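Worksheet for the structure shown next.
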Amino acid sequence: MRSDYLISAEKLTLAYGENKVIISADFEIKPGDFVCVVGANGSGKSTLIKAILGFIKPKSGKIRYATGFSKTEIGYLPQESKIDPNFPATVYEIVLSGTLGQLGLKPFYRPENRTRALEALKSLHIEKLKSKSFGDLSGGQKQKVLLSRALSATSRLLILDEPSNNLDHASRREFYEILKNLNRSGLTIIMITHDLDADDLIGDKILALENGKVSSFSTVDFLRSFK
Amino acid sequence: MNALVEMFSYSFMIRALVVGVLISVVSALVGVSLVFRRNSMIGDGLSHTAFGAFAVATALGFAPLWFALPVVVLVSFLVLKLSKNRKIGGDAAIALLSASSLAVGTLAISVVKGVNIDLNSYLFGSILSVGWSDVWLSLVLAVIVIILYILAYHRIFAITFDEEFARSVGVKTGVYDMIFSAICSIVVVLGMRLLGALLISSLIIFPALIAMNFAKSFKKVVFLSAVISVITFTLGLIASYLLATPTGATVVLVNLLALCAVKLIRLMTSHMI
Chain Y
43 MRSDYLISAE
53 KLTLAYGENK
63 VIISADFEIK
73 PGDFVCVVGA
83 NGSGKSTLIK
93 AILGFIKPKS
103 GKIRYATGFS
113 KTEIGYLPQE
123 SKIDPNFPAT
133 VYEIVLSGTL
143 GQLGLKPFYR
153 PENRTRALEA
163 LKSLHIEKLK
173 SKSFGDLSGG
183 QKQKVLLSRA
193 LSATSRLLIL
203 DEPSNNLDHA
213 SRREFYEILK
223 NLNRSGLTII
233 MITHDLDADD
243 LIGDKILALE
253 NGKVSSFSTV
263 DFLRSFK
Chain V
2 MNALVEMFSY
12 SFMIRALVVG
22 VLISVVSALV
32 GVSLVFRRNS
42 MIGDGLSHTA
52 FGAFAVATAL
62 GFAPLWFALP
72 VVVLVSFLVL
82 KLSKNRKIGG
92 DAAIALLSAS
102 SLAVGTLAIS
112 VVKGVNIDLN
122 SYLFGSILSV
132 GWSDVWLSLV
142 LAVIVIILYI
152 LAYHRIFAIT
162 FDEEFARSVG
172 VKTGVYDMIF
182 SAICSIVVVL
192 GMRLLGALLI
202 SSLIIFPALI
212 AMNFAKSFKK
222 VVFLSAVISV
232 ITFTLGLIAS
242 YLLATPTGAT
252 VVLVNLLALC
262 AVKLIRLMTS
272 HMI
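These protein sequences, in sequence, are chains Y and V. Counting from 43, one number per residue, gives the positions in the first sequence under our numbering. Counting from 2, one number per residue, gives the positions in the second sequence under our numbering.
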């Protein structure tokens, strides 16, 4: 049977111990979707993402992936606050680490890994930063490097956890333009956004969470029609 | 020069130098990741556990090294498990086990009569306690760790920089955590006889802290950290011989001086620019 979804959640319940964070969620994300996941603090946005990434097992229900799609093919961009801004690493070291999922059990990178990392840098026009230290970059550049790393991990699904948190207005606009272009080129994107400002709702679908439940899953145009 | 020749004419000094250099390299490799992942205190916690295990082994008449090794490795796994418990957390888990181990060790020493235990050599180290078995064990450990480190380098980098991302691309972070804990435990147990339970964690922390002031890539930090660790240990050992001071304390102070000097130079150069 052919599946037309990339990710599908069926009656998905996620919990830490007995504390249920996501309750009986149903949704389907199709190839090419750009989904913004919104909701207040504690609504379960990050927990849902962790379950899609395979970090948390469902308490009940299921997450299904399209046939032939593996969790390790997801390009993930975690919250920037979880990364040491002065970590001593070059941009190339960081972006190359995005290809680790393609190494299997091999210990060392192969030429194809290096090619892919360079392509990811070029796709965001930051190949000149290759030898720079991560700590010497601006906030916007750092975020592009982490996005490059995620791109070197995937060509199918990108998951971003509040990527615009520490960006100024101009950098945020630029970053969103990059995401829109990536989506236009066929990449599926799931982005958590805390800010409900219209500028941040750049996807074509909104998955809204409220008290652990999916309160709505509809197109942005549909939501805007109520304004 | 004559003093140096005289110093290395003693076989116990040669043993101390070999074990110290090997432990320095291994602890520096592990230390870089522990420091950047904010897990530096695990070395301190495990050294207290090693003290407890050594004391219990001596009191019960077991071979201290072979008793302490598995005990400390197992405790390090327990720390890992507890630190993932959302109600306890890593720092509390380390504090809990470190205080408990010290208490067990102290009780073991006080309860058992007729056993002569040199508490000072456990707490502050003694180069006389380093035997040939330590030399061979350190050599085997160092070779294994260096080979493992080279093979796992790219994954270690990914975990150290961003554990969540590493997990997302399929790196078994839990397995690497266990390997790191086991290596850290072995470093602590072997190094503790030389530097002492209270000072061994310095070998894990100081070289990484000094190296990160110079290098801008992870590879260079790791390499430099190992070089700095060997140099500061060797200088500390020589200074302790020449000044007739305790080895562990002298090595720690050499590391501290090096760190202060590096920070001062960086401060002065940043003001000059």
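C-beta atoms are modelled at their ideal positions from N, C-alpha and C, and glycine is treated no differently. Values in this document were obtained by computation on a predicted structure and should not be read as measured data.
Taking the CA atoms as reference points, Ser66 (chain Y) sits about 7 Å from Gly103 (chain Y).
Apart from the 5 residues on each side of it in sequence, Ser258 (chain Y) sits with its Cβ closer than 6 Å to the Cβ of Ala250 in its chain, given in chain order.
For the region 81–161 of chain V, not one full-length beta strand (DSSP E) segment reaches 3 residues or more. Under the rule that a run must span 4 or more residues, the alpha helix (DSSP H) segments found entirely inside the region 181–219 of chain Y read 181–195.
Two segments are said to touch when three or more pairs of C-beta atoms, one from each, lie closer than 8 Å; by this definition the region 38–47 of chain V touches the region 202–211 of chain V. The Cβ atoms of Leu243 (chain V) and Gly21 (chain V) lie no closer than 8 Å to each other. For Arg156 (chain V), the nearest CB of chain Y lies under 8 Å from its own CB, placing it at the interface with that chain. In this structure, the alpha-carbon of Ile105 (chain Y) lies about 52 Å from that of Ala64 (chain V). Within chain Y, the residues Pro130 have their CB atoms less than 8 Å from the CB of Met213 (chain V), given in chain order. Leaving aside the five residues that flank Glu70 (chain Y) on each side, the residues in its chain whose CB is nearer than 6 Å to its CB run, in chain order, Tyr47 and Ser50.
Looking at the DSSP output, Ala67 (chain Y) bridges to Y:Leu54. Taking 8 Å as the cut-off, the Cβ atoms of Gln185 (chain Y) and Ile168 (chain Y) do not count as close.
Contact of Lys85 (chain V) with chain Y is not assigned, every C-beta pair being separated by 8 Å or more. Linking Glu219 (chain Y) to Leu229 (chain Y) through their CA atoms gives a straight-line distance of about 14 Å. Beta-bridge analysis with DSSP links Thr132 (chain Y) to Y:Ser175.
Taken in chain order, the members of the region 29–63 of chain V whose beta-carbon sits within less than 8 Å of a beta-carbon on chain Y are Phe37. The straight-line gap separating the alpha-carbon atoms of Glu216 (chain Y) and Asp126 (chain Y) is approximately 23 Å.
As the crow flies, the alpha-carbon of Pro100 (chain Y) is around 34 Å from that of Glu135 (chain Y).
Within the region 81–106 of chain Y, the residues whose Cβ lies closer than 9 Å to some Cβ of chain V are Lys92, Leu95, Gly96 and Phe97, listed in chain order.
Burial of Asn256 (chain V) is indicated by the presence of at least 16 other C-beta atoms within 10 angstroms of its C-beta. Three or more beta-carbon pairs separated by less than 8 Å link the region 173–185 of chain V to the region 27–34 of chain V, which places the two stretches in contact. Gly117 (chain Y) is positioned such that its CB atom lies closer than 8 Å to that of Leu199 (chain Y). Counting only residues of its own chain and dropping the five nearest sequence neighbours on each side, Arg16 (chain V) has a CB closer than 6 Å to the CB of Val131 and Val136.
A Cβ of chain Y is located within less than 8 Å of the beta carbon of Asp163 (chain V). Chain-ordered, the chain V residues with CB closer than 7 Å to the CB of Glu135 (chain Y) read Phe158, Ser218 and Phe219. By the CB criterion at 8 Å, Leu142 (chain Y) and Val172 (chain V) fall inside the cutoff.
The Cβ of Phe181 (chain V) sits no closer than 8 Å to any Cβ of chain Y.
Of the residues Y:Asn61, Y:Asp75 and Y:Gly81, the one whose Cα lies closest to the Cα of Glu252 (chain Y) is Y:Gly81.
For Pro73 (chain Y), no CB of chain V lies under 8 Å from its own CB, so it is not counted at the interface with that chain. Of the residues Y:Leu193, Y:Leu188 and Y:Ile244, the one whose Cα lies closest to the Cα of Asp75 (chain Y) is Y:Ile244. For a Cβ distance threshold of 9 Å, residue set Ser169 and Val170 of chain V lies close to Ile116 (chain Y), ordered along the chain. Under the 8 Å criterion on CB atoms, Leu224 (chain Y) is classed as non-interfacial with respect to chain V.
Boundaries of the beta strand (DSSP E) around Thr230 (chain Y): Thr230 to Ile234. At a beta-carbon threshold of 7 Å, the residues of chain Y lying near Leu152 (chain V) are Pro149, ordered along the chain. For Val222 (chain V), the chain Y residues whose C-beta falls within less than 7 Å of its own C-beta are Pro130, listed in chain order.
Of the candidates V:Leu265, V:Gly62, V:Ile266 and V:Val231, V:Val231 places its Cα closest to the Cα of Val252 (chain V).
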